[in-house]
Amino acid sequence: MASRVAVVQMQSGAQAGDNCQRVAKLVADAAAGGAQLVVLPEMWPCIGSTAQLQRALHKQEKILEFTCELARKHRLWLVAGSMPWLDDNLRRNDQAVGDGNRNPPAGPKPFARCWVIDADGKPAGHYDKMHLFDVEVADGIGRYAESDIYAAGLDPVVLQTPFGLLGLAICYDLRFPELFRKLWQAGAELVAIPSAFTAVTGRAHWRSLLRARAIENSCYILAANQFGTHADNRSTWGHSMIVGPWGEELACLKSEEGVLLVDADRQQVAGIRDRMPCHLHQRLKV
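Take 8 as the starting number for the sequence shown in the working numbering and just add one per residue.
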């Protein structure tokens, strides 16, 4: 039986309140289209300066409550993109966010966390981004240093949902096929990938990486990306996409705000895995 899934593409600014208003409309649009599962992009609550990220961090519980209410209101599951999240056992009053330029935070670092909310508005689980983007890019930012800002997550995550087993990855994770193989080994039939892929790297690799991960693991890929130029001068690629388990591009946006809707059939995943049983032929262990 097919389930209607959606990915959201947006251009987040520096103000969490404004971004929440945009997300509320886009999720409502997805719900009006029959979506049962909606994926938001990475960093949707705030893309901005260190001080603005710090303010978003201080609002973490309110932002989580907002996403829970959205899911409950529309009776859908929500993969709530990513946001800075500092666990209670690490929280201190001093600075918790560095500036991404070799100036680490004075206190403990937050995770880049993706919450998954069920249709009752309750957190069903979360994933902390494992691979942090410490890369030189020929764009307006130049040097990205996420490890100056965030702590790396430790564990892959696959969650049981009404639509199948859902794996989670965030942006730069897409370049690490061993993570996706772990998700495949855990039975993931869909993988949600909230992202803020840069325009430079996205133009070169985004489409190829998404299709490769879908083909390698015979699963649906739900990739929600940021687009456009943001307050911190970074440019993101857009081209959010849903890829089928045979590697087919089922839906794709360009560089505009919007929602993609696709009917994902887990029986297609099972059929492809039966006909091409890579799990029986794998010689190297990950």
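Even for Gly, the Cβ is constructed at its ideal location relative to N, Cα and C. Treat the numbers as computed from the prediction; the structure is a model and nothing was measured.
Report, in whole angstroms, the separation of the C-beta atoms of G88 and F118, which I expect to be a contact under 8 Å.
Taking the first residue of the sequence shown as position 1, residue 88 is located at position 81. Taking the first residue of the sequence shown as position 1, residue 118 is located at position 111. Not really, about 13 Å apart at Cβ, beyond 8 Å.
Would you give the residue range spanned by the alpha helix (DSSP H) that W84 belongs to?
Here residue 84 refers to the residue found at position 77 of the sequence shown. W84 -> not in any alpha helix (DSSP H); beta strand (DSSP E) instead, spanning 84 to 86.
Going straight from the alpha carbon of I148 to that of R214, what length do you get?
As a position in the sequence shown, residue 148 is number 141, starting the count at 1. As a position in the sequence shown, residue 214 is number 207, starting the count at 1. Straight-line Cα distance between these residues: approximately 22 Å.
Please name the residue, chosen from Q16, A9, V12, that lies closest to S7 on a Cα-to-Cα basis.
For residue 7 there is no data in the structure shown, the boundaries of the chain being 8 and 293.
DSSP-derived helix/strand/coil call for W244:
Taking the sequence shown and counting its residues from 1, the one referred to as residue 244 is at position 237. DSSP places W244 within a strand segment (E or B) once states are collapsed to three.
Is the beta carbon of G251 sitting closer than 8 Å to the one on S262?
Indexing the sequence shown from 1 puts residue 251 at position 244. Indexing the sequence shown from 1 puts residue 262 at position 255. Cβ distance not < 8 Å, so G251 and S262 don't count as in contact.
Specify, as a first and last residue, the run of the beta strand (DSSP E) that R11 falls within.
As a position in the sequence shown, residue 11 is number 4, starting the count at 1. Judged by DSSP secondary structure, R11 falls within the beta strand (DSSP E) whose first and last residues are 9 to 16.
Can you check the segment 147 to 217 for any beta strand (DSSP E) of at least 3 residues that lies completely inside it and give the ranges in chain order?
Counting only runs that start and end inside the segment 147 to 217, the beta strand (DSSP E) elements of at least 3 residues fall at 150 to 152, 165 to 168, 171 to 175, 197 to 202.
If you run the structure through DSSP and keep just helix, strand and coil, what is D281?
Along the sequence shown, read from residue 1 onward, the residue named residue 281 stands at position 274. In the structure shown, D281 sits in a helix (DSSP, three-state: H, G or I).
Keeping to the same chain, check which residues put their C-beta closer than 6 Å to that of F187; ignore five residues upstream and five downstream.
For this step, residue 187 is matched to residue 180 along the sequence shown. Contacts found: R220, N224.
Just curious, the alpha helix (DSSP H) that G24 is in, first and last residue?
Locating residue 24 in the sequence shown gives position 17, where the first residue counts as 1. Unbroken alpha helix (DSSP H) run through G24: 23 to 39.
Taking the alpha carbon of L216 as the point to measure from, which residue in Q192, I70, F183, D135 has its own alpha carbon closest?
Along the sequence shown, read from residue 1 onward, the residue named residue 216 stands at position 209. That would be F183, whose Cα lies nearest to the Cα of L216.
Determine the closest residue to K292 out of K189, H138, A58, T208, with distance taken between C-alpha atoms.
Here residue 292 is taken as the residue at index 285 of the sequence shown, counted from 1. The alpha carbon of K292 has as its nearest neighbour, out of K189, H138, A58, T208, the alpha carbon of K189.
Buried or exposed for Q233, going by 16 or more other Cβ atoms inside 10 Å?
Counted from its first residue, the sequence shown places residue 233 at position 226. Buried: at least 16 other Cβ atoms inside 10 Å.
In its own chain, which residues sit with a C-beta less than 7 Å from the C-beta of G265, not counting the 5 before and 5 after it?
As a first step, residue 265 must be located in the sequence shown, where it is residue number 258. Only residues of its own chain outside the window of five on either side were considered, and among them Q16 have a CB closer than 7 Å to the CB of G265, listed in chain order.
So what's D95 in DSSP terms, helix, strand or just coil?
Position 88 of the sequence shown, counting from 1, holds the residue named residue 95. DSSP places D95 in helix when its eight states are reduced to three.
Apart from the five residues just before and just after I279, which ones in its own chain have a Cβ nearer than 7 Å to its Cβ?
If you number the sequence shown from 1, residue 279 lands on position 272. Cβ within range, chain order: S225, P252, W253.
Close beta carbons around S56, own chain, < 8 Å, minus the five adjacent residues each side
Within the sequence shown, residue 56 is the residue found at index 49, counting from 1. The answer, listed in chain order, is A21, A238, D239.
Can you tell me whether D127 is buried or exposed? The criterion is at least 16 other CB atoms within 10 Å of its CB, across all chains shown.
As a first step, residue 127 must be located in the sequence shown, where it is residue number 120. Exposed, because fewer than 16 other Cβ atoms sit within 10 Å of the Cβ of D127.
Host beta strand (DSSP E) of L257 (start-end):
Taking the first residue of the sequence shown as 1, we reach residue 257 at position 250. Per DSSP, L257 belongs to the beta strand (DSSP E) from 256 to 259.
If we call anything under 8 Å between Cβ atoms a contact, is R290 one with D146?
Residue mapping note: residue 290 aligns to position 283 of the sequence shown, counting from 1. Residue mapping note: residue 146 aligns to position 139 of the sequence shown, counting from 1. No, Cβ-Cβ distance for R290 and D146 is not below 8 Å.
Based on DSSP bridge pairs, tell me the residues matched to L270.
For the purposes of this step, residue 270 is identified with residue 263 of the sequence shown, where counting begins at 1. The sequence given here places Asp at residue 270; Leu does not occur at that position. Looking at the DSSP assignment, D270 forms a beta bridge with R11.
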